[in-house]
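Asks: Would you mind keeping the following structure in view while I ask a few things?
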Amino acid sequence: MTGFGVIAAATLRECTRRRVFGVIVVLTVLFLGLYSLGTATAFDHLGPPSPGDSNVDVTVLAGATLLGLAMFATLFLSTVVAVFLTFNVLRGDAEQGLLQPMVVRPPGRVVFLAARFAAAAAVAAGYAASVYAASAVITLLAGGWWPDQVLLPGLELAAAAVVVTAVSLAGSVYLSTVANGIAVLMLFGAGLVGGLLGQIGDAIHSDTLSSIGTITSWALPFDALYQAALHALTGETSGITGVIVHLGPLGGAQPAGPLLAPWVAGYIGVVMCLAGAAFVRRDL
Amino acid sequence: MPDAFAAEGLEKRYGRVLALDGVSLRVGEGELVGLLGPNGAGKSTLVKIGCGLVRPSGGRAEVFGAPAGSLPARRALGYLAELFRFPGWLRADEVMRLHQGLVGSEGGAAERGSLLELVGLADVGDRKVDQMSKGMQQRLGIAQAMIGAPRFLVLDEPTSALDPAGRRTVRALLEELRGRGVSVLLNSHLLSEVELVCDRVVIITRGRVVAEGRPDELTHASGVEVETDAGDRRYDVGRDEVPDLVARLVADGERIYGVHVVRSTLEEAYLEAVEGAE
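Here the protein sequences line up with chains A and B, keeping their order. Under my numbering, think of the first position of the first sequence as 566, with each following residue one higher. Under my numbering, think of the first position of the second sequence as 58, with each following residue one higher.
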């Protein structure tokens with residue numbers, strides 16, 4: 566096995582053995598349990614459509630709303646997972662003396678950083694995709710509703726988790742463990758607030774707020790990915806139901822656009838290159 | 058053949074603090090060199106530069122002719138940090154396996170077992186690190202540093218957490234390493250340990266080398282001790298003057314039971330060098 570593989574495998578082993586992983590599993594099971602209960606209850610309360618609402622598919626409305634909320638929770642939980650996997654990887658581990666025995670070995674700092682990122686990103690992305698898939702299946706079983714595009718929202722949530730992983734790992738070069746954890750969670754909040762301001766700006770036709778939303782989405786693309794994932798849930802729903810869904814809870818959802826995927830890939834690459842350049846020069 | 062480690066005019070600045078001020082040092086192949094100095098002298102900074110963990114502000118450092126921190130240098134190196142930890146959830150054998158993977162060692166279980174046995178941890182290979190005492194973790198650190206049979210071993214305070222038996226084990230280990238031709242740079246506060254095992258000693262204070270040489274070169278004769286029926290007496294004379302001294306004492310009616318030339322200890326030489334530089 567190469568040095569990259571050895572470090573990545575060690576990181577994956579660390580993920581499964583740390584107590585926090587057990588806590589995450591338990592909390593995720595609790596979340597999915599609550600989501601199952603809530604979804605089943607919501608669909609049970611949906612009565613048959615009244616004559617005046619015959620053009621509105623309440624199942625679609627309820628399903629998309631519930632799964633959209635589950636996706637928000639998924640994004641938040643996978644952000645927490647990404648932060649816990651990476652917030653102490655460089656400076657925090659160096660201060661504890663965990664890092665030095667590793668980076669003096671032949672693979673060196675760049676391979677170490679790349680392997681830690683790859684492993685943490687795989688876990689965070691896998692987690693996001695799994696929770697999304699479980700939520701979608703729960704929604705299907707409870708109400709018989711299925712997203713218009715099933716794979717794309719999961720992939721976009723997974724990509725959002727990878728973006729957070731990269732930002733958190735880069736932050737760990739400069740910031741101590743606690744400071745980095747707080748900083749990344751605040752960035753996460755800033756991204757969501759920026760996206761919300763953009764939605765409000767679109768609704769009230771405020772160019773300033775819309776611009777804030779746009780800039781935030783490009784600067785912190787996990788929010789743009791989340792918006793795109795939401796849009797993909799009901800992107801093909803048309804008619805009155807489509808209008809209501811897009812005006813309702815998912816009103817802020819935006820299609821990805823052709824530039825989002827290359828932007829996200831380039832963003833992750835640049836963030837990791839900056840982290841690598843700083844890490845290589847850092848005294849340990 | 059280049060030296061195992063060669064530093065030339067090394068400087069390191071941390072902001073306004075000059076940690077190393079033109080340090081030059083060499084560790085020949087198969088040589089065991091002790092690094093001594095008070096706290097804050099710059100020893101750990103020097104060691105870290107040698108391992109590629111710290112970038113020098115000036116000068117150069119090489120390991121077997123390759124720049125410190127480069128891939129060839131890292132391949133030749135084994136390192137025990139002064140302050141280190143292994144992940145608490147790993148077992149001792151897993152730590153060894155991890156570092157075998159990082160080094161690319163093909164020694165397998167035989168290498169892991171023999172190294173753990175060498176440091177007295179043969180029976181605790183399946184114990185988790187966070188269930189090991191500090192001394193056991195230090196022994197594990199030493200074993201980890203020797204994975205892949207490095208040609209140059211850097212040990213930063215390897216016995217700081219060890220009991221006397223552990224220190225003796227490390228001394229025996231260092232003797233064995235010298236027998237195998239491994240070069241060692243040993244940073245230690247324990248002067249007796251350094252005096253016993255090192256071929257050469259380098260004393261650093263305030264970021265500068267203030268004394269360097271074999272232990273017997275750094276120490277010097279400091280009189281003779283004469284055992285008489287009236288008790289032990291010390292005379293401040295050189296070795297050449299001992300016969301005349303004994304003849305004079307006998308002529309004065311003293312009964313002589315023994316005469317020992319007294320040498321200063323490395324501790325005294327160390328204090329002289331450090332205090333002389335301040």
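Don't be surprised by glycine CBs; every beta carbon is placed ideally from N, CA and C.
Report the rounded CA-to-CA distance for residue 170(B) versus residue 648(A), giving the unit in angstroms.
Replies: Position 113 of the second sequence, counted from the start, is the residue given in the question as residue 170(B). Position 83 of the first sequence, counted from the start, is the residue given in the question as residue 648(A). A direct Cα-to-Cα measurement between residue 170(B) and residue 648(A) gives close to 37 Å.
Asks: Please report the distance separating the alpha-carbon of residue 273(B) from that of residue 327(B).
Replies: As a working mapping, residue 273(B) is identified with position 216 in the second sequence. As a working mapping, residue 327(B) is identified with position 270 in the second sequence. So the alpha carbons of these two residues sit roughly 12 Å apart.
Asks: Here's the rule: buried if 16 or more other CB atoms are within 10 angstroms of the residue's CB, otherwise exposed. What is residue 105(B)?
Replies: Counted from its first residue, the second sequence places residue 105(B) at position 48. Label assigned to residue 105(B): buried.
Asks: Under the rule that 16 or more other beta-carbon atoms within 10 Å means buried, what is residue 838(A), buried or exposed?
Replies: Residue mapping note: residue 838(A) aligns to position 273 of the first sequence, counting from 1. Counting of Cβ neighbours within 10 angstroms places residue 838(A) among the exposed residues, the total staying below 16.
Asks: When burial is assigned at 16 or more other CB atoms within 10 Å of the CB, is residue 244(B) buried or exposed?
Replies: By one-based count along the second sequence, residue 244(B) stands at place 187. Result: buried.
Asks: Can you tell me where the beta strand (DSSP E) holding residue 177(B) begins and where it ends?
Replies: Along the second sequence, one-based indexing puts residue 177(B) at 120. Element bounds for residue 177(B): n/a, residue is neither H nor E.
Asks: Among 114(B), 63(B), 152(B) and 143(B), whose alpha-carbon lies nearest the alpha-carbon of residue 122(B)?
Replies: Translated into positions along the second sequence, residue 122(B) becomes position 65. Ranking 114(B), 63(B), 152(B) and 143(B) by Cα distance to residue 122(B) puts 63(B) first.
Asks: Where does the unbroken alpha helix (DSSP H) through residue 833(A) begin, and where does it stop?
Replies: Counting from 1 along the first sequence, the entry for residue 833(A) is found at position 268. Note, residue 833(A): alpha helix (DSSP H), 825-846.
Asks: For chain B, check one thing: does any of its Cβ atoms lie closer than 8 Å to the Cβ of residue 657(A)?
Replies: Counted from its first residue, the first sequence places residue 657(A) at position 92. Output row for residue 657(A): interface = no.
Asks: Cutting at 8 Å between CB atoms, please list the residues of its own chain near residue 715(A), excluding the five before and the five after it.
Replies: In the first sequence, the residue the question calls residue 715(A) occupies position 150. Only residues of its own chain outside the window of five on either side were considered, and among them 701 have a CB closer than 8 Å to the CB of residue 715(A), listed in chain order.
Asks: Mind listing which residues of the segment 672-704 of chain A have their C-beta closer than 8 Å to chain B's C-betas, in chain order?
Replies: 672 and 673
Asks: What does residue 160(B) reach in chain A if we use C-beta pairs closer than 8 Å?
Replies: Looking up residue 160(B) in the second sequence gives position 103. What residue 160(B) touches in chain A: 670 and 671.
Asks: How about residue 849(A): is its C-beta nearer than 8 Å to some C-beta of chain B?
Replies: Here residue 849(A) refers to the residue found at position 284 of the first sequence. Chain B, which has a Cβ nearer than 8 Å to the Cβ of residue 849(A), makes this yes.
Asks: When DSSP builds the beta bridges, which residues end up paired with residue 285(B)?
Replies: Here residue 285(B) corresponds to residue number 228 of the second sequence, with the count starting at 1. Paired residue(s): 288(B) and 313(B).
Asks: Does residue 136(B) get closer than 8 Å to chain A when you measure Cβ to Cβ?
Replies: If you number the second sequence from 1, residue 136(B) lands on position 79. Yes, residue 136(B) lies at the interface with chain A (some Cβ there is under 8 Å from its Cβ).
Asks: At least one CB of chain A closer than 8 Å to the CB of residue 186(B): is that the case?
Replies: On the second sequence, position 129 is the one that residue 186(B) refers to. Contact with chain A is absent for residue 186(B), since none of that chain's Cβ atoms lies less than 8 Å from the residue's Cβ.
Asks: Pick from 250(B), 198(B) and 208(B): whose alpha carbon is nearest that of residue 221(B)?
Replies: Here the question's residue 221(B) lines up with position 164 in the second sequence. Nearest option by C-alpha distance: 250(B).
Asks: Mind the definition here: the segment 292-305 of chain B touches the segment 219-235 of chain B only if three or more C-beta pairs lie below 8 Å; say whether that holds.
Replies: no
Asks: I need the boundaries of the beta strand (DSSP E) containing residue 139(B), first residue and last residue.
Replies: Locating residue 139(B) in the second sequence gives position 82, counting from the first residue. Segment: none, residue 139(B) is in no beta strand (DSSP E) and carries neither H nor E.
Asks: Which of the residues in the segment 261-291 of chain B, read from start to end, lie with their CB under 8 Å from any CB of chain A?
Replies: none
Asks: Restricting to runs no shorter than 4 residues, where is the alpha helix (DSSP H) found entirely within the segment 155-243 of chain B?
Replies: Annotation: the segment 155-243 of chain B contains the following complete segments of the alpha helix (DSSP H) (minimum length 4 residues), in chain order: 165-175, 191-202 and 221-237.
Asks: So what's residue 622(A) in DSSP terms, helix, strand or just coil?
Replies: Numbered from 1 along the first sequence, position 57 holds the residue referred to as residue 622(A). Per DSSP, reduced to three states, the secondary structure at residue 622(A) is coil, with no helix or strand assignment.
Asks: Who pairs with residue 585(A) in a beta bridge, going by DSSP?
Replies: On the first sequence, residue 585(A) is found 20 positions in, with the first residue counted as 1. DSSP lists no partner for residue 585(A).
Asks: Please classify residue 96(B): is it buried, with 16 or more other beta-carbons within 10 angstroms of its beta-carbon, or exposed?
Replies: The count along the second sequence starts at 1 and reaches residue 96(B) at position 39. When all chains shown are included, residue 96(B) counts as exposed.
Asks: Would the segment 691-707 of chain A count as touching the segment 733-752 of chain A if we require 3 or more Cβ pairs under 8 Å?
Replies: Cβ pair count under 8 Å is below three, so no.
Asks: Would the segment 757-773 of chain A count as touching the segment 679-686 of chain A if we require 3 or more Cβ pairs under 8 Å?
Replies: no
Asks: Looking only at its chain, what residues have a beta carbon closer than 6 Å to the beta carbon of residue 117(B), apart from the 5 residues adjacent to it on each side?
Replies: By 1-based counting over the second sequence, the position of residue 117(B) is 60. Contacts found: 65.
Asks: Once the 5 residues before and after residue 248(B) are set aside, which same chain residues still bring their CB inside 7 Å of it?
Replies: Here the question's residue 248(B) lines up with position 191 in the second sequence. Excluding residues within five positions, the ones whose Cβ falls inside 7 Å are 93, 323, 324 and 327.
Asks: Let's see if you can read the secondary structure: which residues bound the alpha helix (DSSP H) around residue 742(A)?
Replies: What you label residue 742(A) is simply residue 177 of the first sequence in a count that begins at 1. Per DSSP, residue 742(A) belongs to the alpha helix (DSSP H) from 742-769.
Asks: Residues in the segment 110-129 of chain B with C-beta within 7 Å of chain A's C-beta atoms, listed in sequence order?
Replies: 110, 111, 112 and 128
Asks: Span of the alpha helix (DSSP H) holding residue 258(B)?
Replies: As a working mapping, residue 258(B) is identified with position 201 in the second sequence. From DSSP, residue 258(B) is part of no alpha helix (DSSP H) but of the beta strand (DSSP E) over 257-262.
Asks: Three-state secondary structure (DSSP) at residue 279(B)?
Replies: Position 222 of the second sequence, counting from 1, holds the residue named residue 279(B). Here residue 279(B) sits in strand by DSSP.
Asks: From residue 165(B) to residue 153(B), what distance separates their C-alpha atoms?
Replies: Taking the second sequence and counting its residues from 1, one reaches residue 165(B) at position 108. Taking the second sequence and counting its residues from 1, one reaches residue 153(B) at position 96. Rounded to whole angstroms, residue 165(B) to residue 153(B) spans 10 Å at the Cα level.
Asks: Under three-state DSSP, which class holds residue 121(B)?
Replies: Looking up residue 121(B) in the second sequence gives position 64. In this structure, residue 121(B) counts as coil in the three-state DSSP scheme.
Asks: Look at the alpha carbon of residue 585(A) and the alpha carbon of residue 90(B), and state the distance between them as a whole number of angstroms.
Replies: Taking the first sequence and counting its residues from 1, one reaches residue 585(A) at position 20. Taking the second sequence and counting its residues from 1, one reaches residue 90(B) at position 33. Rounded to whole angstroms, residue 585(A) to residue 90(B) spans 44 Å at the Cα level.
Asks: Buried or exposed: residue 151(B), going by 16 or more other Cβ atoms within 10 Å of its Cβ?
Replies: Locating residue 151(B) in the second sequence gives position 94, counting from the first residue. When all chains shown are included, residue 151(B) counts as buried.
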